[in-house]
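Working notes, structure below.
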């Protein structure tokens, strides 16, 4: 039951959070706002991962794999999974590369997510 309540709470938080993108009647459609939020959250988290790569991987693993079985723990798990999963898996893979190649690939990854976010915004003339 705690999982269901945590999941419902996480979906509600995401829904309310993406409603802010509607703004003055010419914002994003409801489901497209999820993509926009995911792209920009991943881009910002990717920028953080450029400096603290192992810490960002560790933080994701703490939220997703080592959570406490409470409603708050499940809610945090599902929120983090919904927003930061692509960044985690890419950062985990490029962490094995040599330092210079690692940072170059991480920078390209962040730039790609910024482009995806701005492209999504340009589709809806935001």
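In the working numbering, the protein residues as written are 1 to 126. Cβ atoms here follow ideal geometry from the backbone N, Cα and C, with glycine treated the same way. All figures in this text were calculated on a predicted structure; none of them were measured in a lab.
The alpha-carbon separation between residue 123 and residue 117 amounts to approximately 10 Å.
The Cβ atoms of residue 97 and residue 49 lie no closer than 8 Å to each other. Between residue 82 and the set 41, 3 and 29, the nearest pair of CA atoms involves 41. Annotation: residue 65 is outside any alpha helix (DSSP H) and is labelled neither H nor E by DSSP.
With a contact defined as Cβ atoms closer than 8 Å, residue 78 and residue 7 qualify at about 5 Å. DSSP places residue 10 in the uninterrupted alpha helix (DSSP H) bounded by 2 to 18. Judged by their CB atoms, residue 100 and residue 2 are not nearer to each other than the 8 Å cut-off.
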